[in-house]
Amino acid sequence: SCVALRNLLQGLSFSVRYYSKHNHLQTTCLYSKIKPKKCHILDCSESTCTHRTAPSGSILPWRFFSCKEGTKIPSKRKQNTSIITSELLYKNLLKSEQENWKHISARYKPMTKRIKEKLEELHKYTFNSGNPRIRFGENVYFEENGCIFLSNADDVDEGNVDLLFSTEDLGFSDAFIQRIRISPDQRYMAISLKSENSEEATCVIVKLGHFPVVQKVIPNVFSFEWATNDVLYYTSQKSLKCQNVFMTTFANQKHTKLVYTEQDARFFVDIHCTKDRRFLTINSNSKTTSEVWLVDCRHPFKLPALVQARIKGVIYHIEHRNDELYILTTYGEPAEYKLMKAPVASSGMENWQLVYALEERTKLVDLEMFSDHCIMFLKNAGHLYLHVISFVSHSVQSIKLPTWACEFELESHPEHTTSTCYFQLTSPVHPPKRFAYSFKENNLIEQAVQEVPIITNCHTTRLLAKSKDETLVPITVFHNMNSKELHRKPLLVHVYGAYGIDLNMSFKEENLVLIEEGWILAYCHVRGGGELGLSWHKDGCQHNKLKGLHDLKACIMLLHKLGFSQPKYTALAAASAGGVLAGALCNTDPELIRAMVLQAPFVDVLNTMMKTHLPLTIEEQEEWGNPLADEKCMKYIKSYCPYQNIKTQCYPSVFITAYENDQRIPLTGVLRYVQKLRKAALDHASRTRKKGNWTPNIILDIQANGSHCESSWEDSLNE
């Protein structure tokens, strides 16, 4: 499907997600209903079958955290002493925090047991609701519990399926399936496998048939697409960077060769196949600029052709239809996305013609191209819409989706001539529901799903908070309709605000439990995120970062003013780069919240951006600025950086989850932040003890499993 456009727009993966990090392990699997086929391994000698694969690129939500810590070692003589000292300090801190967590967590065992039982019960009903499928004519491919199945479209829900691949049978028991690509003639299947303890992925190519056979295993692969029935293009990854594209063949004369290399460290490369399978696109993207090269699938051995040379500040993505390139681009004013087109033979910018422009403050989430139609998936004022563009009648139809919906997820459509577009809608408190839009009938159909047996009576409210500069900031609030005296109810506030990425509002079982028990959930769509288009991100990055902090403060104050809880019952939650704004608020306005919950938080922006030897620092300068080249930038980052601004004052209680295997935010930095924060809180408590002030809990839970904000269902359940 035309997922590349969404991924580059929203920072999502270039593949349809064929798994859910919270529910890919425990399920009633169809595996038990069938007799599995044998899967023979051939030719694994070319590469080792390790679980090393490519980390997510600059287009993934979990990609944007260049927080690797490093120590500059001035001389060889000092090197050993420095390393030994650092390792001893690290081990001592780690051991101390683990013992502290073991002691503190014992207090919560009864509560943990009760909540865990509820979540396990809910999971039985919500797991299967979000399984994307790949359709090829009458065939349907889908993943479930580490297995890939093939079924006839009419039999997929009846259990009449064939097993094509099993991670456990091939020795990848600790890996999950991340991406699936089927060759045009359905003779080959390429699969990426990713371990929950690593950012890296391995690509496995299986020859399909009565007895599926593994043909090749390629380590360190990020994206891959079939150019023809037996020619696969893929990108390799090294040190969190993806800059090389290779081609490998599975015909009689098998060979692999390098076809493209990106020289600029700010750019990340991936590949995509146009919906009609006419071209592969080699996409080289920084945070603000892009460039696309085309591989003609009819002539896959020819050199790639440039569409338009990169121009600073201009992003563009390519689809194809009837010998014309359809270009989604920020070119022109206003600097929001527009759909344009140009002939394949003359694809330069001077030939781009406008097809459709978005309304102001509208976020383009995704775009799907079909033979006679194009569907745009949009967000506007917190509501989701479809815009269906007809290339035949040259008309545009707008379809408002159910008001409860907060997120889209498309299913894969390999056949661009299909007459139906399938997708899923979800919200923090609504499990994914499948919908189908029919071009022939011109209507939207909700697919039948099994209802979750829990009564939440959940009410959704959309608010606008006036920030310091009077900008209106959207808030989405969920609460139980039966709740009385909302000002006495606990409130959990979520924030992100970075990289133009929307705040994650996908479904989680724990939200249903919280709503049932009277909690209020609030999602603050602050600047720096992407909820209101590209300008919303631009207005909250680099020298505008403080605007996101002002937005967050305004949102929490409005919630309290309107009677949604009060400071002593309010908790703030954030993950990864969201830790910047959450941690900053904790320093500037600690009286607004009683607790803060952080997952793998980015809390030391300044030190990270000062270390250009780290693999991601240079490309992230477009988000945070370059403090080494600009003294004003250095002072500005220092003014809001959570770690730099910890001071002796009354802090809320803080609970942080970190991961030993996190390659983006290593444990050393989190340990340092926790130590400094705990000391400041204790110093303040000791000075004001006579006044009766309380001492906050500063708790760090270090997960042995999982990587950056990714974990299995069992591990996420424990968290």
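So the sequence shown is residues 1 to 719, counted in full-length UniProt numbering.
We put the beta carbon where it would ideally sit given N, CA and C, even for glycine.
When the Cα of residue i is compared with those of the options, which residue comes out closest?
{"i": "residue 216", "options": "238, 192, 198, 237", "result": "192"}
{"i": "residue 303", "options": "313, 281, 288", "result": "281"}
{"i": "residue 568", "options": "353, 492, 347, 528", "result": "492"}
{"i": "residue 381", "options": "395, 406, 394", "result": "406"}
{"i": "residue 519", "options": "490, 262, 432", "result": "490"}
{"i": "residue 250", "options": "242, 206, 484", "result": "206"}
{"i": "residue 171", "options": "214, 408, 378", "result": "214"}
{"i": "residue 222", "options": "270, 345, 160, 143", "result": "270"}
{"i": "residue 699", "options": "715, 686, 301, 654", "result": "654"}
{"i": "residue 395", "options": "496, 356, 369, 349", "result": "356"}
{"i": "residue 693", "options": "604, 253, 591, 702", "result": "591"}
{"i": "residue 432", "options": "409, 444, 419", "result": "409"}
{"i": "residue 383", "options": "562, 369, 364", "result": "364"}
{"i": "residue 316", "options": "328, 469, 98", "result": "328"}
{"i": "residue 346", "options": "375, 368, 309", "result": "309"}
{"i": "residue 640", "options": "277, 549, 254", "result": "549"}
Would you tell me roughly how many angstroms separate the C-alpha atoms of residue i and residue j, rounded to the nearest one?
{"i": "residue 337", "j": "residue 531", "result": "13 Å"}
{"i": "residue 610", "j": "residue 635", "result": "12 Å"}
{"i": "residue 499", "j": "residue 229", "result": "37 Å"}
{"i": "residue 727", "j": "residue 236", "result": "Because the chain spans 1 through 719 in this model, residue 727 falls outside it and cannot be assessed."}
{"i": "residue 68", "j": "residue 664", "result": "Because residue 68 sits at a pLDDT of 30, beneath the cut-off of 50, its placement in the model cannot be relied upon, and the point is left open."}
{"i": "residue 118", "j": "residue 507", "result": "16 Å"}
{"i": "residue 294", "j": "residue 279", "result": "6 Å"}
{"i": "residue 101", "j": "residue 94", "result": "11 Å"}
{"i": "residue 523", "j": "residue 573", "result": "10 Å"}
{"i": "residue 195", "j": "residue 178", "result": "10 Å"}
{"i": "residue 358", "j": "residue 386", "result": "12 Å"}
{"i": "residue 662", "j": "residue 602", "result": "12 Å"}
{"i": "residue 527", "j": "residue 211", "result": "53 Å"}
{"i": "residue 695", "j": "residue 689", "result": "9 Å"}
{"i": "residue 457", "j": "residue 614", "result": "48 Å"}
{"i": "residue 434", "j": "residue 440", "result": "19 Å"}
{"i": "residue 181", "j": "residue 232", "result": "10 Å"}
{"i": "residue 169", "j": "residue 176", "result": "13 Å"}
{"i": "residue 107", "j": "residue 115", "result": "14 Å"}
{"i": "residue 504", "j": "residue 96", "result": "33 Å"}
{"i": "residue 510", "j": "residue 138", "result": "37 Å"}
{"i": "residue 166", "j": "residue 142", "result": "12 Å"}
{"i": "residue 378", "j": "residue 301", "result": "37 Å"}
{"i": "residue 720", "j": "residue 571", "result": "The structure shown does not extend to residue 720, since the chain is modelled only from 1 through 719, so no value can be given for it."}
{"i": "residue 242", "j": "residue 218", "result": "15 Å"}
{"i": "residue 366", "j": "residue 333", "result": "21 Å"}
{"i": "residue 495", "j": "residue 546", "result": "14 Å"}
{"i": "residue 224", "j": "residue 297", "result": "14 Å"}
{"i": "residue 521", "j": "residue 515", "result": "8 Å"}
{"i": "residue 484", "j": "residue 672", "result": "42 Å"}
Once the 5 residues before and after residue i are set aside, which same chain residues still bring their CB inside 8 Å of it?
{"i": "residue 612", "result": "618, 628"}
{"i": "residue 472", "result": "464, 465, 466"}
{"i": "residue 460", "result": "403, 404, 427, 476, 477, 478"}
{"i": "residue 534", "result": "330, 335, 336, 337, 500"}
{"i": "residue 721", "result": "Absent from the model: residue 721. The displayed extent of the chain is 1 to 719, so no value can be given."}
Checking contacts by CB at 7 Å: is residue i closer than that to chain C?
{"i": "residue 534", "result": "Of the chains in the structure shown, none is chain C; there is only one protein chain."}
What does a CB cutoff of less than 6 Å around residue i pick up in its chain, not counting 5 residues either side in sequence?
{"i": "residue 719", "result": "657"}
{"i": "residue 802", "result": "No answer is possible for residue 802: it lies beyond the span of the chain, which begins at 1 and ends at 719."}
{"i": "residue 397", "result": "388"}
{"i": "residue 625", "result": "542, 633"}
{"i": "residue 274", "result": "319, 320"}
{"i": "residue 722", "result": "Outside the modelled stretch of the chain, which goes from 1 to 719, sits residue 722, for which no answer is possible."}
Compute the beta-carbon to beta-carbon distance between residue i and residue j, rounded to the nearest angstrom, for a pair I have assumed lies under 8 Å.
{"i": "residue 283", "j": "residue 299", "result": "Rounded, the Cβ-Cβ distance is 20 Å, inconsistent with contact."}
{"i": "residue 581", "j": "residue 552", "result": "5 Å"}
{"i": "residue 594", "j": "residue 666", "result": "29 Å between Cβ atoms; not a contact."}
{"i": "residue 606", "j": "residue 632", "result": "In fact, because the Cβ distance is near 13 Å, the residues do not count as touching under 8 Å."}
{"i": "residue 474", "j": "residue 525", "result": "4 Å"}
Looking only at its chain, what residues have a beta carbon closer than 7 Å to the beta carbon of residue i, apart from the 5 residues adjacent to it on each side?
{"i": "residue 351", "result": "342, 343"}
{"i": "residue 208", "result": "164, 186, 187, 188, 189"}
{"i": "residue 444", "result": "399, 435, 437"}
{"i": "residue 430", "result": "404, 507"}
Can you tell me whether residue i sits near the ligand NAD, meaning its C-beta is under 6 Å from at least one heavy atom of the ligand?
{"i": "residue 645", "result": "By its list of ligands, the structure shown contains no ligand whatsoever, and the ligand NAD lies outside what it can speak to."}
Next on the checklist: Any contact between the region 195 to 205 and the region 145 to 164? By contact I mean 3 or more CB pairs, one from each, below 8 Å.
Outcome noted: no
Next on the checklist: If contact is defined by three or more beta carbon pairs under 8 Å, each pair taking one atom from either stretch, is the region 460 to 477 in contact with the region 547 to 561?
Outcome noted: yes
Checklist entry - Within the chosen definition, does the region 675 to 688 reach the region 643 to 655 through at least 3 CB pairs nearer than 8 Å? => result yes
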